[in-house]
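Structure, as structure tokens:
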Ligand SMILES: [Zn+2]
């Protein structure tokens, strides 16, 4: 039996399919072979990458104590020959078993279309060799009377090159799907480098504050000048009980948002300061992962995590007007790019709230009052009506907010976004006007916040000038 020839003028040696695991693996094969894209992979490249996979698998499978790279393989292929608990630790006997996984399809046998790329395939693979297919709840995921899925050699190599191209942990793998191939390639290049490091020194040798989201964001930022695209992360985990899948995604407008963050110094400063603020809360060194995650909608469909993170920071704002202005501008470009919001429409409402808060001898008390209702449509509406009446009596001409009223006080996500932006606008104005809003560091929990003084703190001005 000779090797089945699968090379044809129209079909590349290695297909880049829309299956997220095969796709990531195909990119990994291309990167390991030093090619620009999977289409460029030659039969010799495929042989060389298969040989590399076999060497790397054997290197970790024969050791008495399972190294981290073996744990990565075990999470993906828990019942394969080199990851099985009862495997032999002898390289000479293990090697042919592993090499057979990537053997060419054989001529003379009846070929079936590969389950991933439709190329002729004569090898059937079941869940032992397909990544993350193994779960006790899926005893048999195959059609009736079939012994496995047909998987061609190229896709078999790709599916085992997956841990090089994916963001891996000892129990999970995350792959990226993006319409811009340059972003996918960059994500995979970074992960291949990381995989090599894990193979050499284990997980302790790779940076702790990094994540699939942070790597994706870096890749998107590097290509933000290209056409706008979204990015979808598929996280697969096999905890030996039950495999699960988690999908998180950015939205298409993220490309334009990133361009504006890069190109506007004040917004970029807001972005960096937010990252540092998030790092402080999470103690996650640097905050790169925390801030990257603000741009992804999670599996529960929570969007606008950036606005929520900013909302949290604005509630006890620092006295630094530069940082707070940067956050306000960051929120503005986010609202403009993601929702087409015309933030200028909020100007009268901003003037009204600021005038009402600063008219009081104790702005902290009114600020707290506003903060409590800022996100609530009904309570905010009530407070602004009272503020309008109060200012009308005291000064005669409060700002007219009727133009924004239906939008600002609507229920649902849109109304919340407008109220959040108003909150940012108000706080940034108050901080800019040096109205002290923060609890002082020496002020304990029982300290009286409402002591009736406006806090203009000259030392803060010196510190932040
Ligand atoms: Zn295939």
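Numbering (this note's numbering), first residue to last: 3 to 467. Glycine is no exception: its CB is placed at the ideal position from the N, C-alpha and C atoms.
- Taking 4 residues as the minimum length, the alpha helix (DSSP H) runs contained wholly in the region 7-86 are 22-34, 45-63 and 70-78, in order along the chain.
- Taken through DSSP and simplified to helix, strand or coil, residue 304 comes out as coil.
- In this chain, the alpha helix (DSSP H) harbouring residue 195 covers 183-203.
- Between the alpha carbons of residue 316 and residue 331 lies a distance of about 13 Å.
- For residue 389, the uninterrupted alpha helix (DSSP H) run begins and ends at 379-397, by DSSP.
- With contacts defined as CB atoms closer than 9 Å, residue 52 and residue 187 fail to qualify as a contacting pair.
- Comparing C-alpha distances from residue 230 to each of 193, 181 and 212 shows the shortest one belongs to 181.
- Distance from the C-beta of residue 116 to the nearest heavy atom of ligand 1 is below 8 Å.
- Taking a contact as a CB-CB distance under 8 Å, the pair residue 117 and residue 170 does not count as one, their CB atoms being some 23 Å apart.
- Around the beta carbon of residue 384, a 10 Å sphere encloses fewer than 16 other beta carbons of the protein chains shown; the residue is thus reported as exposed.
- Residue 357 and residue 364 have their alpha carbons spaced roughly 13 Å apart.
- Residue range 155-167 is occupied by the alpha helix (DSSP H) that includes residue 164.
- Taking a cut-off of 8 Å for Cβ pairs, the region 112-132 and the region 19-29 touch, as three or more such pairs fall below it.
- Partner residues in the beta bridge of residue 250, as assigned by DSSP, are 235.
- Between the alpha carbons of residue 251 and residue 95 lies a gap of roughly 44 Å.
- Secondary structure of residue 439 (DSSP, three-state): coil.
- Inter-residue distance for residue 408 and residue 313 is about 22 Å (C-alpha atoms, whole angstroms).
- DSSP places residue 319 outside both helix and strand once states are collapsed to three, so it counts as coil.
- Around the beta-carbon of residue 275, 16 or more other beta-carbon atoms lie within 10 Å, marking it buried.
- Non-local C-beta neighbours of residue 91 in its own chain, meaning closer than 8 Å and more than five positions away in sequence, comprise 63, 64, 65 and 66, ordered along the chain.
- CA-to-CA, the gap between residue 290 and residue 108 works out to about 48 Å.
- Around the CB of residue 265, fewer than 16 other CB atoms lie within 10 Å, so the residue is classed as exposed.
- Under DSSP, residue 151 takes part in a beta bridge, and its partners are 127.
- The alpha-carbon separation between residue 299 and residue 311 amounts to approximately 13 Å.
- At least one heavy atom of ligand 1 falls within 8 Å of the beta-carbon of residue 157.
- Taking C-alpha positions only, residue 386 is separated from residue 25 by approximately 54 Å.
- For residue 433, the CB contacts under 6 Å within the same chain, skipping 5 residues up- and downstream, are 319, 323 and 326 in chain order.
- Residue 213 is classed as buried because its beta carbon has at least 16 other beta carbons within 10 Å across all chains shown.
- Sixteen is the threshold: since fewer than 16 other Cβ atoms of the shown chains lie within 10 Å of the Cβ of residue 88, the residue is exposed.
- Restricting attention to 161, 105, 344 and 353, the CA atom closest to the CA of residue 129 is found in 161.
- Under the 8 Å Cβ criterion, the region 335-344 counts as touching the region 410-430, having at least three qualifying pairs.
- Annotation for residue 180 indicates a beta carbon at 8 Å or more from all heavy atoms of ligand 1.
- Cα atoms of residue 166 and residue 42: separation of roughly 18 Å, rounded to the nearest angstrom.
- If the five residues before and after residue 307 are omitted, its C-beta is found closer than 8 Å to the C-beta atoms of 295, 296, 297, 298, 299 and 300, all from its own chain and listed in chain order.
- Bounds of any alpha helix (DSSP H) do not take in residue 176; it lies within the beta strand (DSSP E) bounded by 174-180.
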